[in-house]
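Following: one structure in structure tokens, then a few remarks.
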Amino acid sequence: MNPNAILTYSQVLPPGQNSHPFPRDPAIYRNPERTPTQHSSTSARSASTRRSNREGSARQEEVAAVIDELAVDPDVSGILLQLPLPTGLDAATLINRIPTAKDVDGLTTASAGRLARGERGLRPCTPSGVVELLDAEGIEIKGACVAVVGWGELVGRPLAQLLVRRGATVTVAHEFTADLAAVTRPADILVVATGVRGLVGPEHVKPGATVIDVGIHRTPDGLTGDVRAAELDGIAGRITPVPGGVGPMTIAMLMVNTLQAAEWNAEAEAEPA
1 MNPNAILTYS QVLPPGQNSH PFPRDPAIYR NPERTPTQHS STSARSASTR RSNREGSARQ
61 EEVAAVIDEL AVDPDVSGIL LQLPLPTGLD AATLINRIPT AKDVDGLTTA SAGRLARGER
121 GLRPCTPSGV VELLDAEGIE IKGACVAVVG WGELVGRPLA QLLVRRGATV TVAHEFTADL
181 AAVTRPADIL VVATGVRGLV GPEHVKPGAT VIDVGIHRTP DGLTGDVRAA ELDGIAGRIT
241 PVPGGVGPMT IAMLMVNTLQ AAEWNAEAEA EPA
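Under the UniProt record's numbering, the first residue of the sequence shown carries the number 1, and numbering increases by one thereafter.
And the structure:
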């Protein structure tokens, strides 16, 4: 594949979302950093974004039709459905209309199955970004004791699977965990992705541990995460900042997935019938 080729991922916006929609779900997917910067990120990497905005009265079948159109468009390398969707639209059904080969957010049921089975596929952006960040910082995953706080479909669940496949011993805490500190204190690497502002503090962190804060929240004083970072000075060995930590890695992995999707799609087209 020509490395200078222009890649396109198409972002389908639900009704009522325009130029600066705020994405989804607890933690990084409700991230004020992410969507407005996606355009500048794609431009810097010789990729382009096509936005398909729907009117406020758009129905399920209308959004589905847009996805179907993009699915067969040879100029589109990947498709991202901007969440959350308004009441009345079925997110799971719409997400699963995205072809696995263009699922650059890694959220379809087929993509989740490929991750679970260890098969080739596009991985969710934020979990992949966390793993890439650990690797870039030289933090050993194999053999590490890891606690993942949060069991969401977008971050916690796929991240736990990725880390286990890299040889980590992973414990997952969730809303029914009775003693959070008992789960997190032994961890060499602590990842927090709950969407609960300031949930984790010094009582949860082993001295010297690496802390990855995936959460992001708007406050009158600015952006903050799921971790009370200021209280971890002198305790945590390393901690990701909010903003500027996991958020940029999520965007970077979206670009990686788009490139990977383009390469795999080109390979498939080149195969003899």
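Ideal Cβ positions, reconstructed from N, Cα and C, are used throughout, including at glycine.
7 Å CB neighbourhood of P127 in its chain, flanking five on each side removed
Its chain contains V155, P158, L159 and L162 as the residues whose beta carbon lies nearer than 7 Å to that of P127, once the 5 sequence neighbours on both sides are disregarded; these appear in chain order.
Could you tell me the distance, in whole angstroms, from the CA atom of A193 to the CA atom of A147?
A193 and A147 have their C-alpha atoms some 11 Å from each other.
Straight-line Cα distance separating V72 from P99
Roughly 9 Å between the two C-alpha positions.
Please classify N257 as buried or exposed, where buried requires at least 16 neighbouring CB atoms within 10 angstroms.
Label assigned to N257: buried.
Quick one: what does DSSP say I95 is sitting in, helix, strand or coil?
Of the three classes helix, strand and coil, the one that applies to I95 here is helix, per DSSP.
CB-CB under 8 Å to A91, same chain, minus the five flanking residues each way: which ones, in chain order?
The residues are L81, L83, P84 and L85.
Proximity below 8 Å, CB of M253 to CB of G129
Closer than 8 Å, so yes.
Where does L190 fall in DSSP's three states?
Residue state, collapsed to three classes: strand.
Unbroken stretches of the beta strand (DSSP E), 3 residues or longer, contained in the segment 216-243:
Segments of the beta strand (DSSP E) lying fully in the segment 216-243: 217-219 and 222-224.
I want to know whether the segment 112-120 touches the segment 137-147 - three or more CB-CB distances under 8 Å.
Touching, no, given that fewer than three Cβ pairs across the two stretches are closer than 8 Å.
Measuring CB atoms only, is the segment 165-177 touching the segment 98-112, in the sense that at least three cross pairs come out at less than 8 Å?
Segments in contact, no.
How is the alpha helix (DSSP H) around T169 delimited, first residue to last?
Where T169 is concerned, there is no enclosing alpha helix (DSSP H), although the beta strand (DSSP E) around it starts and stops at T169 to A173.
Selection from T219, P220, L199 and G234 that minimises the alpha carbon distance to P207
Across the set T219, P220, L199 and G234, the C-alpha of G234 shows the shortest separation from the C-alpha of P207.
Grouping DSSP H, G and I as helix and E and B as strand, with all else coil, what is T210?
Of the three classes helix, strand and coil, the one that applies to T210 here is strand, per DSSP.
Beta-bridge partners of C145, as assigned by DSSP:
T169.
Per the DSSP calculation, I251 is bridged to which residue(s)?
In the DSSP output, where bridge partners are listed per residue, I251 has none listed.
Distance between H217 and G244 (C-alpha atoms, nearest Å):
Whole-angstrom Cα-Cα distance: 13 Å.
Going by CA-CA distance only, name the one from A101, P124, E61 and A168 that's closest to I139.
Considering only alpha carbons, the answer is A168.
Considering only residues of the same chain and omitting the five flanking positions on each side of P186, which have a CB-CB separation below 7 Å?
Shown here for P186: same chain residues with a beta carbon closer than 7 Å to its own, the five before and five after excluded, namely C145 and K206 in chain order.
Beta strand (DSSP E) containing I139: first to last residue?
Counting along the chain, I139 falls outside any beta strand (DSSP E), and DSSP gives it neither H nor E.
Buried or exposed: which applies to R24, given that a residue is buried once 16 or more other Cβ atoms fall within 10 Å of its Cβ?
Low per-residue confidence applies at R24: pLDDT is 35, beneath 50, and the placement is therefore not dependable enough to give any value.
Among D135, A266, D179 and G106, which one has its Cα closest to the Cα of E153?
Of D135, A266, D179 and G106, the residue nearest in Cα terms is G106.
Out of N96, M255, A181 and T210, state which residue places its alpha-carbon closest to the alpha-carbon of L199.
Taking each of N96, M255, A181 and T210 in turn and checking the Cα distance to L199, the smallest one comes out for A181.
Whose CA, out of V196, L259 and G201, lies closest to the CA of T184?
Considering only alpha carbons, the answer is G201.
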